[in-house]
Amino acid sequence: MGIIKTKNVVYEYIRRDEDGNVEGITKAVDDVNLDINQGDFIAILGHNGSGKSTLAKHLNAILNPTEGTVWVDGMDTNDESQLWNIRQTAGMVFQNPDNQIIGQVVEEDVGFGPENIGVPTKEIWERVEESLRAVGMYQFRKHSPNKLSGGQKQRVSIAGVLAMHPKCIVLDEPTAMLDPNGRKEVIRAIRGLNDVEGVTVILITHYMEEIIHADKVFVMDQGKIAMEGTPREIFSQVEKLKNLRLDVPQITLLAYELQKKGILLPDGILTIKEFIQALHL
Ligand code: ADP
Ligand code: MG
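Counting from 15, one number per residue, gives the positions in the sequence shown under my numbering.
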């Protein structure tokens, strides 16, 4: 079994009126099966309302499935006695860094998590240092988080999760509120966690450019997994992505349009470098 496994997971939001009568049901996750290996970089794509956040919240027991089962490192998320182990194994990073930072000083903020779980003081400082270095924020350790840019704040919140020594980090649109520079910094930090630290990464995004380094991509639509494959396999299916209301990277789209005009190019070109090589320029 992988680090994260879901079997036939369904989640329904139930709306009730003042008297408690059911007014309506939204099936936000609909029969999702995932099996994610330790060390993988997984991307989850999908337009707004496709169920990404609802699914993500199942991966560290913020939500429990209406039907089906979720296992985190073999622990069933319905098993309340494992709640803290589950949350420590799979950390979450959300969209808005302002809601995730609570410390007055960067290093203090990063130390909160380990302190809460009773890590000895000396080890807390080791963890804080290594986590801040991993996201390239060590030189800001004495700064006030309020004065940091969005990308820097988000890297501090990632360091906070990293300091818990999770096996897996789930990031729900961590770059959605950032400018292009901040997005790049954060994506670079996330790739480092995966490549250097070996942390399993589950990155939810709607920026196509952010997923080209993923080992595997899942595309969600109406709560279901509509496509799965490597980035190249996914980006080879331009029409299908358009039908799922997703954009493809500009360079992939350009190559696709040229192909349609009869220019011989391989499917699923992901980078400008590949494009230039394919054209023998
Ligand atoms: P995504 O993250 O892909 O935008 P969500 O998981 O947030 O998708 O939402 C999936 C569906 O569930 C949408 O139809 C959304 O309106 C609905 N939904 C999300 N959160 C709630 C909630 N707290 N109560 C009721 N419906 C919700
Ligand atoms: Mg969402």
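Yeah, the Cβ is synthetic: ideal placement off N, Cα and C, and Gly gets one too.
Fair warning: this is a prediction, and the values are worked out from it, not measured in the lab.
Item                                                                                                                        : Value
Contact under 8 Å by Cβ, Val262 with Met222                                                                                 : yes
Gly276, buried or exposed, once every other Cβ within 10 Å from all chains shown has been counted against 16                : exposed
Asp186 burial status per 10 Å Cβ neighbour count (16 or more: buried)                                                       : buried
Cβ distance (whole Å) where Gln303 is taken to contact Ser171 below 8 Å                                                     : Outside the shown range of the chain, which is 15 to 295, sits residue 303, and nothing can be said about it.
Sequence ranges, alpha helix (DSSP H) only - wholly within the stretch 64-116, length at least 4                            : 66-72, 97-103
Any residue whose CB is nearer than 6 Å to a heavy atom belonging to ligand 1, listed in chain order                        : Tyr27, Thr40, Ala42, Gly60, Asn62, Gly63, Ser64, Gly65, Lys66, Ser67, Thr68
Tyr270 classed as buried or exposed, judged by whether at least 16 other C-beta atoms fall within 10 angstroms              : buried
Heavy atom of ligand 2 within 7 Å of Asp235 beta-carbon                                                                     : no
Alpha-carbon to alpha-carbon, Lys19 and Asn9                                                                                : A query on residue 9 cannot be resolved here, the shown segment of the chain reaching from 15 to 295 and no further.
Sequence ranges, alpha helix (DSSP H) only - wholly within the stretch 189-273, length at least 4                           : 194-209, 245-249, 252-257
Chain-order list of residues whose beta-carbon lies under 6 Å from that of Gly38 (same chain, five-residue window excluded) : Arg29
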